[in-house]
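Asks:
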Amino acid sequence: METNGYDKGIEVLQRMVSEETLNATVKRMEKFSPDMAKLIVEFPYGSLYARPGLDLKQRSLLTIAAMIASGAASQLDFHIKGALNVGLTPNEIVEAVMHCVSYAGFPKTLDAMFVVMKVFEEQGITYEEE
Numbered sequence: 001m002e003t004n005g006y007d008k009g010i011e012v013l014q015r016m017v018s019e020e021t022l023n024a025t026v027k028r029m030e031k032f033s034p035d036m037a038k039l040i041v042e043f044p045y046g047s048l049y050a051r052p053g054l055d056l057k058q059r060s061l062l063t064i065a066a067m068i069a070s071g072a073a074s075q076l077d078f079h080i081k082g083a084l085n086v087g088l089t090p091n092e093i094v095e096a097v098m099h100c101v102s103y104a105g106f107p108k109t110l111d112a113m114f115v116v117m118k119v120f121e122e123q124g125i126t127y128e129e130e
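In the UniProt record's numbering, the protein residues as written are 1 to 130.
(1) Considering only residues of the region 28-74, which uninterrupted alpha helix (DSSP H) runs meet the minimum length of 4 residues and lie entirely inside it, listed in chain order?
(2) Taking the CB atoms as reference points, tell me whether Lys118 and Ala69 lie closer together than 9 angstroms.
(3) The alpha helix (DSSP H) with Ala24 in it runs from where to where?
(4) Ignore the nearest five residues each way along the sequence and tell me which others in Tyr45's own chain have a CB closer than 6 angstroms to its CB.
(5) According to DSSP, is Thr126 helix, strand or coil?
(6) Can you tell me the Cα-Cα spacing of Pro52 and Arg59, whole angstroms?
(7) Determine the direct distance from the alpha carbon of Val94 to that of Tyr127, and round the result to whole angstroms.
(8) Which residues mark the beginning and the end of the alpha helix (DSSP H) in which residue 132 is found?
(9) In this structure, does DSSP put Val101 in helix, strand or coil?
(10) Using a Cβ-Cβ cut-off of 7 angstroms (strictly less than) and excluding sequence neighbours within five positions of Pro90, which residues of its own chain qualify?
(11) What do you get for Ala96, buried or exposed, if any count of 16 or more other CB atoms within 10 angstroms of its CB means buried?
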């Protein structure tokens, strides 16, 4: 199961999310479907996130926007946690979500903002608009 792309992907993920978050997603998927776990590590993280040209903060912003636009709010908590871990501020995250309202629409953006609120609450982050 281990490949160079998989190893690279795990290295990137370890820089982005806690071991607990990694275990709750990738390791949990490995138990159910090793092939799917390999795909979700190798392709986005081993191939795309590991590329030069954009840093992890920039990639996190892009991922958050793409997930909002596609309506993938159920996966967003993982990426909000990762964005915080790579150095995005709570304000940058909220602003990125708010920016999506005119492109993704209010329902998707509100779903995303509720995920942000949940993650901030879980992490003890107090957010105040600047």
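Don't be surprised by glycine CBs; every beta carbon is placed ideally from N, CA and C. Just so it is clear, the structure is predicted and the values come from calculations on it, not from any experiment.
Replies: With the structure as the only source:
(1) 28-32, 34-41, 56-70
(2) Within the sequence shown, residue 118 is the residue found at index 118, counting from 1. Within the sequence shown, residue 69 is the residue found at index 69, counting from 1. No, Cβ-Cβ distance for Lys118 and Ala69 is not below 9 angstroms.
(3) As a position in the sequence shown, residue 24 is number 24, starting the count at 1. Per DSSP, Ala24 belongs to no alpha helix (DSSP H) and is neither H nor E.
(4) As a working mapping, residue 45 is identified with position 45 in the sequence shown. The answer, listed in chain order, is Gly9, Val12, Leu13.
(5) What you label residue 126 is simply residue 126 of the sequence shown in a count that begins at 1. Coil, per DSSP.
(6) Sequence index remark: in the sequence shown, residue 52 carries index 52 (1-based). Sequence index remark: in the sequence shown, residue 59 carries index 59 (1-based). Rounded to the nearest angstrom, the two C-alpha atoms are 11 angstroms apart.
(7) Stepping through the sequence shown from its first residue, residue 127 is reached at position 127. Stepping through the sequence shown from its first residue, residue 94 is reached at position 94. Their Cα atoms are separated by approximately 9 angstroms.
(8) The structure shown does not extend to residue 132, since the chain is modelled only from 1 to 130, so the question has no answer here.
(9) In the sequence shown, counting from the first residue as 1, residue 101 sits at position 101. Val101 falls in the helix class under three-state DSSP.
(10) For the purposes of this step, residue 90 is taken as the residue at position 90 of the sequence shown. Once the five neighbours on either side are set aside, the close Cβ partners of Pro90 are Phe120, Ile125, Tyr127.
(11) What you label residue 96 is simply residue 96 of the sequence shown in a count that begins at 1. That one is buried.
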